[in-house]
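Novice: Residue numbers (the numbering used here), protein chains in the order written: chain S, 3 to 510; chain A, 1192 to 1458. Ideal Cβ placement from N, Cα and C applies to all residues, glycine included. There's a structure below that I have some questions on.
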Amino acid sequence: MARGQVQEMKKSRIILGLAAVSALVLCFFSEQTVYAGEEPIVLRVCSWEEYIDLGEWDAEEAIELDNGRVIFGEKPLYEDFEDWYRETYGREVRVEYSCFGTNEDLYNQLNMGDTYDLVCPSEYMIMKLIAEDRLIPYSDSFYDKQNNNNYYIQNVSPYIQKTLESNEINGERWSKYAAGYMWGITGVLYNPALVTEEQAATWKIFGNPKFNRQITLKDNVRDSYFAALGILKAKELTDEDFLNATDYQERLADVMNDVSPETIEQAQELLNELMDNVYSLETDSGKADMITGKIVANYQWSGDAVYAMDQADEDDFELRFAVPRESTNLWFDGWVMLKNGIREDAGRQHAAEAFVNFVSRTDNAVRNMYYIGYTSSIAGNAQDDTIYEYLKWCYGAEDENEELMDYPVGYFFSGDNSDKNYILQSTVSQMGRQLYSQYPPEEVIDRAAVMRYFDEDANKAINQMWINVRCFDIADVPMGVWVALLVVLLVFIGLRYWKSSAKTLHRL
Amino acid sequence: MNRFRFQRSQLCIPYGLFLVCFVLAPLVVIIYYAFTNGEGQFTLENLIGFFSSPNTIGTLFYSFGIAVSTTGVCLMLAYPIAYILARSKMKHKAVVLMVFVMPMWINFTLRITALKEILTVVEGNLAYHPFLNTLIGMTYDFLPFMILPIYTTLLKLDNSLLEAAADLGADTIQTFLKVTLPLSVPGIISGIVMVFLPSMTNYVVLDMLYNSTYIMGSLIGAYFSAYDWHNGSMIALILLVIILVFTLFTNRYADEDAGSSRGGVIG
Chain S
3 MARGQVQEMK KSRIILGLAA VSALVLCFFS EQTVYAGEEP IVLRVCSWEE YIDLGEWDAE
63 EAIELDNGRV IFGEKPLYED FEDWYRETYG REVRVEYSCF GTNEDLYNQL NMGDTYDLVC
123 PSEYMIMKLI AEDRLIPYSD SFYDKQNNNN YYIQNVSPYI QKTLESNEIN GERWSKYAAG
183 YMWGITGVLY NPALVTEEQA ATWKIFGNPK FNRQITLKDN VRDSYFAALG ILKAKELTDE
243 DFLNATDYQE RLADVMNDVS PETIEQAQEL LNELMDNVYS LETDSGKADM ITGKIVANYQ
303 WSGDAVYAMD QADEDDFELR FAVPRESTNL WFDGWVMLKN GIREDAGRQH AAEAFVNFVS
363 RTDNAVRNMY YIGYTSSIAG NAQDDTIYEY LKWCYGAEDE NEELMDYPVG YFFSGDNSDK
423 NYILQSTVSQ MGRQLYSQYP PEEVIDRAAV MRYFDEDANK AINQMWINVR CFDIADVPMG
483 VWVALLVVLL VFIGLRYWKS SAKTLHRL
Chain A
1192 MNRFRFQRSQ LCIPYGLFLV CFVLAPLVVI IYYAFTNGEG QFTLENLIGF FSSPNTIGTL
1252 FYSFGIAVST TGVCLMLAYP IAYILARSKM KHKAVVLMVF VMPMWINFTL RITALKEILT
1312 VVEGNLAYHP FLNTLIGMTY DFLPFMILPI YTTLLKLDNS LLEAAADLGA DTIQTFLKVT
1372 LPLSVPGIIS GIVMVFLPSM TNYVVLDMLY NSTYIMGSLI GAYFSAYDWH NGSMIALILL
1432 VIILVFTLFT NRYADEDAGS SRGGVIG
């Protein structure tokens, strides 16, 4: 190739490059002008995995309710939110949706500098975040029932709202910072062919030698500690005087949040004993192990219990759910806004609150419940009975031949359990089954206690207690192992000695 | 003209950067956390705490127990296999070797899940033999890492040495004990290193086979999820030191043996 040609090519390359750069710059500027002042709001949402409807339902999955509404998930709910926000408020919003694995993971992520605007942790983590002054309270307009777009305050269950309002930390009511999303209780999922309800409806089942190595506990300190407290305090908790006390709820909450050093020590001893009786500790595998029959009972969250029962039903295998008579742990996850995400951006806070409202719209709550399997904190209202209709759609009596029962759920839907509008006609077979787990009867709810966030010291103590339970105690090493070790050591030393003396001999 | 000169040593720059960012810097952070408390003050409490608690020291012992037995079982299984494969005049050696190594190509969780079901059928209830199950799981997982290095060293073994031993009147057992075995020590050592170290911390096997006892790896995780970076880092550091000592020890042993066997048969 001639020199001139090369030079010519170089030139044309430079020109091309310049053209490309200027085109990019132009593009950049023109984008800027189009969106000047109308930049989309970016909303960073972080929630549990598989904790929002992701759409893509099959056509036959559409839920047709008796009130004429058809529930169908086409797109992920957060994408529907973007459309809804544009149509309602005329502004672009883009949701960056991400997930976390455990409350502790979320907390660690926040500490390592991840910024989110809206997160959905569990009650005790919400308390921790409130106590550390990291949350922004919801604005007054969020609670304005007159505004038709305020779905949360219009639809939230009075029971959940009452719980949020009656609990506080450092004088701050939870309801100021948190909007309920999903909730449930803890109990025992059991195989009725091998375990009676009587045996299952107590935390003591985990120490029952009859089910040696056939039951599982949960692999986290809070759930296991709660069960331990249920056993340790069983006598007090089931005492008539205690049950009939006027301040029963407060006293129950205090007992189930006892973190005095003596109690923690007793719990450690007890859990050590339980470890020798249970099959294993699990987080997720328990459901499958119940269905395959490896275990006969397991500590379970109500939502997962529903899932396990549904799965077992498909195999014509019956599982049931019992709530311990001592007490049950009421838990819930709620949406909270983070200070270091929202900062003082009013637009972003508005979008965050709108997101909470959007997922609290009754049809969206049904979509989430259908997808996740847990119970939504949303109940609807007198004008919008979609949630109650969904309940009927799931559990209403259809088979005339079965024995029917009245199942009041008014405590959840209207705050009054004798409310005639909320007495579900279901079948007797639903007792101790899916309906019972998803919307427990009021007498079960009465003995529910929220497990609070413990302060630094207590938290450290129960974490250490748990580590001690999980670790292998050196005192448990069998004598034979020590003897064997000693023998090996002696043989080793002996061999070395013999070898070196043999070498010297050889040299001589 | 001051032209940029390429020097061979500059090839080290990427590796040097990697070393600083991903090896040295994290190490400094771990050491910092290990020797400080929540207020950032220097303390030896974490170190003393580890060695004075019967639980943490017990966990170390338990991890050691698992690692030692896994390595032992792997070695006992792997050596004969590797020996037969390397010495035999089999036509399709490569295929047979592949059969032993193939499990490595299948996803690890899938294999352990399958193993769990098989063990359940055999034992009835897994919870009665947690240690044995863990041992089986670990062995299943790490066996190929023991076979391969031993096989390679045995393959390289010079046949003339064996012939010489036979000429000088050694029988098969003597030849094996005094020639083959000492010469395959480097392979054994690298097999041990590859099995021992990961089996001390691989807690996924324990989790999946329902062994709820902590080993070193899960203990670190437990401290971290309780936001206790200090104790967690201290345990990581202790583990690091143990591994360092172990490696130095095995290296010395390997050198010694290689040295004495260089002259041929040990006298």
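Please report the straight-line C-alpha distance between Asp387 (chain S) and Gln156 (chain S), rounded to a whole angstrom.
Specialist: Their Cα atoms are separated by approximately 12 Å.
Novice: Quick check on this structure: which residue in A:Phe1367, A:Phe1440, A:Ser1403 and A:Ile1434 has the alpha carbon closest to the alpha carbon of Leu1143 (chain A)?
Specialist: This structure cannot speak to residue 1143 (chain A), because chain A is shown only from 1192 to 1458.
Novice: Residues bridged to Tyr99 (chain S) by DSSP?
Specialist: The partner list for Tyr99 (chain S) (beta bridge, DSSP) reads S:Val47.
Novice: Considering only C-alpha positions, which residue in the set S:Arg454, S:Tyr161 and S:Ile464 is nearest to Ala133 (chain S)?
Specialist: Ala133 (chain S) has its Cα closest to that of S:Arg454, out of S:Arg454, S:Tyr161 and S:Ile464.
Novice: Just how far apart, CA to CA, sit Leu1430 (chain A) and Phe1437 (chain A)?
Specialist: Between Leu1430 (chain A) and Phe1437 (chain A), the C-alpha separation is close to 10 Å.
Novice: Is Ala1225 (chain A) near the ligand NAP, in the sense that its beta carbon is under 7 Å from a heavy atom of that ligand?
Specialist: As for the ligand NAP, it is missing from this structure, which has no ligand bound.
Novice: Val1292 (chain A) and Pro1335 (chain A): beta carbons closer than 8 Å?
Specialist: Against a cut-off of 8 Å, the Cβ pair of Pro1335 (chain A) and Val1292 (chain A) comes out as a contact.
Novice: Do you know whose CA, among A:Thr1366, A:Ser1424 and A:Cys1212, lies nearest Asn1228 (chain A)'s CA?
Specialist: Nearest of A:Thr1366, A:Ser1424 and A:Cys1212 to Asn1228 (chain A), Cα basis: A:Ser1424.
Novice: Three-state secondary structure (DSSP) at Pro442 (chain S)?
Specialist: The answer is coil: DSSP assigns Pro442 (chain S) none of H, G, I, E or B.
Novice: Under 8 Å between the Cβ atoms of Gln302 (chain S) and Gly189 (chain S)?
Specialist: Yes; because the gap between Cβ atoms is below 8 Å, this pair is in contact.
Novice: Taking contact to mean 3 or more Cβ pairs, one atom from each stretch, closer than 8 Å, check whether the segment 1349–1356 of chain A and the segment 1212–1228 of chain A are in contact.
Specialist: Short answer: they don't touch.
Novice: In angstroms with no decimal places, state the Cα-to-Cα distance between Ser1200 (chain A) and Tyr1206 (chain A).
Specialist: Their Cα atoms are separated by approximately 11 Å.
Novice: From which residue to which residue does the alpha helix (DSSP H) around Ile344 (chain S) run?
Specialist: Here the alpha helix (DSSP H) through Ile344 (chain S) covers Lys341 to Ile344.
Novice: So what's Ile398 (chain S) in DSSP terms, helix, strand or just coil?
Specialist: As written in the sequence, residue 398 (chain S) is Gly, which differs from the Ile given in the question. Note: Gly398 (chain S) maps to coil in three-state DSSP.
Novice: Of all the CB atoms in chain A, is at least one closer than 8 Å to the CB of Asn465 (chain S)?
Specialist: True, the Cβ-Cβ gap to chain A drops below 8 Å.
Novice: Specify the secondary structure class of Lys289 (chain S) as computed by DSSP and reduced to three states.
Specialist: It is helical.
Novice: How should Pro1294 (chain A) be labelled, buried or exposed, when 16 other C-beta atoms within 10 angstroms of its C-beta is the threshold for buried?
Specialist: Exposed: under 16 other Cβ atoms inside 10 Å.
Novice: Quick check: the segment 392–408 of chain S against the segment 89–99 of chain S, are there 3 or more CB pairs under 8 Å?
Specialist: Output reads no: the segment 89–99 of chain S does not touch the segment 392–408 of chain S.
Novice: Compare the Cα-Cα distances from Gln427 (chain S) to each of S:Ile447, S:Arg449 and S:Glu402 and report the closest residue.
Specialist: Selected option, being the one with the closest Cα: S:Glu402.
Novice: Return yes when the Cβ of Met184 (chain S) is within less than 8 Å of the Cβ of Ser379 (chain S), no when it is not.
Specialist: Taking 8 Å as the Cβ cut-off, Ser379 (chain S) and Met184 (chain S) qualify as a contacting pair.
Novice: Hey, out of S:Phe319, S:Phe323 and S:Asp278, whose CA is closest to Ala299 (chain S)'s CA?
Specialist: If we check each option's Cα against that of Ala299 (chain S), S:Phe323 comes out closest.
Novice: So, for Asn210 (chain S): in the same chain, excluding its five sequence neighbours on each side, which residues have a beta-carbon less than 6 Å away from its beta-carbon?
Specialist: Answer for Asn210 (chain S): no residue qualifies.
Novice: Taking the beta strand (DSSP E) that Glu284 (chain S) belongs to, which residues open and close that run?
Specialist: Here the beta strand (DSSP E) through Glu284 (chain S) covers Ser282 to Glu284.
Novice: CA-CA distance, Ala307 (chain S) and Glu199 (chain S)?
Specialist: Approximately 15 Å, taken between the alpha carbons.
Novice: Determine the burial state of Gly482 (chain S): buried for a count of at least 16 other Cβ atoms within 10 Å of its Cβ, exposed for fewer.
Specialist: It counts as exposed.
Novice: Do you know whose CA, among A:Tyr1342, A:Thr1330, A:Gln1198 and A:Leu1323, lies nearest Leu1276 (chain A)'s CA?
Specialist: The option with the nearest alpha carbon to Leu1276 (chain A) is A:Tyr1342.
Novice: For a minimum of 3 consecutive residues, which ranges assigned as the beta strand (DSSP E) are wholly contained in the segment 431–493 of chain S?
Specialist: List check, beta strand (DSSP E) in window: 450–452.
Novice: Under 8 Å, Cβ to Cβ, is there at least one residue of chain A near Cys101 (chain S)?
Specialist: Chain A contact via Cβ: absent.
Novice: Which of helix, strand or coil does DSSP assign to Asn300 (chain S)?
Specialist: Looking at Asn300 (chain S) - three-state DSSP - the assignment turns out to be strand.
Novice: Quick check: the Cα distance between Asn465 (chain S) and Phe1255 (chain A), rounded to an integer number of angstroms?
Specialist: One C-alpha to the other measures close to 24 Å.
Novice: Taking DSSP's pairing of strands, which residues face Met407 (chain S) in a bridge?
Specialist: BP columns for Met407 (chain S) point to S:Ser428.
Novice: Out of curiosity, what's the CA-to-CA distance linking Trp337 (chain S) and Ser226 (chain S)?
Specialist: When rounded, the distance between both Cα atoms is 26 Å.
Novice: Run through the DSSP bridge pairs and tell me what Ser378 (chain S) is partnered with.
Specialist: DSSP output for Ser378 (chain S) lists S:Met184 as bridge partner(s).
Novice: Please determine if the segment 1244–1252 of chain A and the segment 462–477 of chain S are in contact, where contact requires at least 3 C-beta pairs separated by less than 8 Å.
Specialist: Yes, the segment 1244–1252 of chain A touches the segment 462–477 of chain S.
Novice: Helix, strand or coil, according to DSSP, for Ala324 (chain S) in the structure here?
Specialist: The answer is strand: DSSP assigns Ala324 (chain S) an E or B state.
Novice: Please compile the residues from chain S whose C-beta is within a distance smaller than 8 Å of the C-beta of Phe1252 (chain A).
Specialist: Those within 8 Å of Phe1252 (chain A) in chain S are Phe474, Ile476 and Val479.
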